[in-house]
Amino acid sequence: MTRVAVVVGAHHAPGAACARRLLERGLDVALIGEDRGDGMHPGELLDGLPQTAGRCAVFPADPADSASFATALGRVRSTFGRTGVLVTCVGAGPDAASASGDAGPGATRAALRTLFVAGRTAAGDMVGGRWGRIVNVVAPVVTGEDAWREAQAVLAGVTAFTRSVALELAPFGITVNCVAPAALSPHERPSVGPAAPHGSGVPYPQAAADLTEHLVSDAAAAVTGQQGYVTGRLFAAAPRAPHATSDRGTGVGKR
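Here the sequence shown is numbered in our numbering, starting from 38 and rising by one per residue.
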C-alpha cells in the first residue's frame, strides 16, 4: 500500500475528517484545493495525533481545471511521492455552514467536473503502480424537499462516474467507491422543513471517515464500484477546512 494520499474538498467537513483519519493511519496527505481564505494550517489537522501520523501539506489549485490539478499533483509527487489514494469530497448543494451556499446547475457541474478531473489525473499515477484507492465522498445538504431533489443530480453523477471508472480501472488493481449520507438515498423520503442538526449515531463526517478508512485498506481490495450510504448527525462539528497560502506545497508538518 502506498503511503501518499490526496484529499480534494477538505473545506467540506467530511473531507477534513477523512484527511485526519488518513493521517492517523500514517499516510502522508496532500490537500489540493482553492484558497478560500477560511481554512487552517495543516498543523491543525495533525494536532493531537500520535508520532506515527503522516505529514500534511497544502497544494493550492483549481481541482476542476485539468492543467491546474495536474501541476499540483506534480508537486505532490515531488514532495511526497506517487499518489496511491484519492479522496474527493464534493457538495451536493448548500450546507449548514453556508446559508447562501451555491446551488443549482452551476454548482452541480462544478462538483462533477471536480470529480472527473481529480479522478482521471490521479488515476494516471495509480495505473503506473498497479495499485490505488479512489473514494468519492458526498457532503450533506440542508434538509428539505427542494434541497433533496437538487442533491439527486450530484448523487446520480457521482454514482454513475464511480461505477464506470471502477470497471475501467479494475484491471490495474485500483478500486473506486463512493460514500454518501443515507438521507440522500433515492429510496429515502425527503424531510420537509428547516434543516435539522440532530440525528442518530456518530456525526456524518466521522461515519464517512470510518467507511473511507476501510475502503482504502487492503481488506477492501475486492470492493469496487459500490455506493455506501452512512447515517449520522449531518452537521456536527468536524475539523475545519485546510488553508492554502501560496502557489506551492506549504505547511508540511509531522507530529
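Ideal Cβ placement from N, Cα and C applies to all residues, glycine included. All of these numbers come straight from a predicted model, not from anything done at the bench.
With 16 other Cβ atoms within 10 Å as the buried cut-off, status of residue i
{"i": "PRO223", "result": "exposed"}
{"i": "GLU205", "result": "exposed"}
{"i": "ALA259", "result": "exposed"}
{"i": "ALA104", "result": "exposed"}
{"i": "GLN243", "result": "buried"}
{"i": "ASP132", "result": "Note that ASP132 scores a pLDDT of 48, beneath 50, so its modelled location is shaky; the value from the coordinates is reported in the next line. Looking at its Cβ environment, which holds 16 or more other Cβ atoms inside 10 Å, ASP132 is buried."}
{"i": "GLY165", "result": "exposed"}
{"i": "ARG58", "result": "buried"}
{"i": "GLY46", "result": "buried"}
{"i": "ALA143", "result": "Reading the sequence as shown, one finds Gly at residue 143 and not Ala. Answer is exposed; the Cβ neighbour count stays below 16."}
Alpha-carbon to alpha-carbon, residue j and residue i
{"i": "THR145", "j": "GLY194", "result": "9 Å"}
{"i": "GLY118", "j": "ASP255", "result": "20 Å"}
{"i": "GLY111", "j": "VAL66", "result": "14 Å"}
{"i": "ALA109", "j": "ILE69", "result": "7 Å"}
{"i": "GLY210", "j": "SER201", "result": "15 Å"}
{"i": "ASP84", "j": "GLY91", "result": "12 Å"}
{"i": "PRO177", "j": "ASP162", "result": "30 Å"}
{"i": "GLN189", "j": "ASN173", "result": "15 Å"}
{"i": "ARG167", "j": "THR89", "result": "26 Å"}
{"i": "GLY262", "j": "THR199", "result": "6 Å"}
{"i": "THR158", "j": "PRO97", "result": "16 Å"}
{"i": "CYS55", "j": "GLU61", "result": "10 Å"}
{"i": "PRO87", "j": "GLY63", "result": "9 Å"}
{"i": "ALA160", "j": "GLY169", "result": "8 Å"}
{"i": "ALA203", "j": "GLY156", "result": "11 Å"}
{"i": "ALA245", "j": "ALA184", "result": "20 Å"}
{"i": "GLY52", "j": "VAL44", "result": "7 Å"}
{"i": "LEU82", "j": "HIS48", "result": "12 Å"}
Own chain residues within Cβ distance below 6 Å of residue i, not counting five before or after
{"i": "VAL191", "result": "ALA129, THR145 and ALA148"}
{"i": "VAL41", "result": "ASP65, PHE117, GLY118, THR120 and GLY121"}
{"i": "ARG220", "result": "At residue 220 the sequence reads Ala, which differs from the Arg that was named. Taken in chain order, the list of residues that qualify is empty."}
Three-state class that DSSP yields for residue i in the structure shown
{"i": "ARG167", "result": "coil"}
{"i": "GLN243", "result": "helix"}
{"i": "ALA54", "result": "helix"}
{"i": "HIS224", "result": "coil"}
{"i": "VAL178", "result": "coil"}
{"i": "VAL260", "result": "coil"}
{"i": "ALA101", "result": "coil"}
{"i": "VAL202", "result": "helix"}
{"i": "VAL191", "result": "helix"}
{"i": "VAL45", "result": "strand"}
{"i": "ASP65", "result": "strand"}
{"i": "THR125", "result": "strand"}
{"i": "GLY70", "result": "strand"}
{"i": "VAL172", "result": "strand"}
{"i": "PRO87", "result": "coil"}
{"i": "GLY143", "result": "helix"}
{"i": "ARG112", "result": "helix"}
{"i": "VAL253", "result": "coil"}
{"i": "GLY118", "result": "coil"}
{"i": "ARG40", "result": "coil"}
Continuous alpha helix (DSSP H) stretch holding residue i: start and end
{"i": "GLY265", "result": "No alpha helix (DSSP H) holds GLY265; the beta strand (DSSP E) holding it covers 264-267."}
Range of the contiguous beta strand (DSSP E) that encloses residue i
{"i": "PHE96", "result": "93-97"}
{"i": "PRO218", "result": "211-218"}
Cut-off 8 Å between Cβ atoms - residues of its own chain near residue i, not counting five sequence neighbours on either side
{"i": "GLY265", "result": "ASN214, CYS215, VAL216, ALA217, LEU248 and LEU252"}
{"i": "LEU152", "result": "THR125, VAL127, ASN173, GLY194, VAL195 and PHE198"}
{"i": "ALA101", "result": "ALA147, ARG150, THR151 and VAL154"}
Other residues of its chain near residue i: CB distance less than 7 Å, five sequence neighbours each side excluded
{"i": "ALA207", "result": "THR261"}
{"i": "VAL239", "result": "GLY269"}
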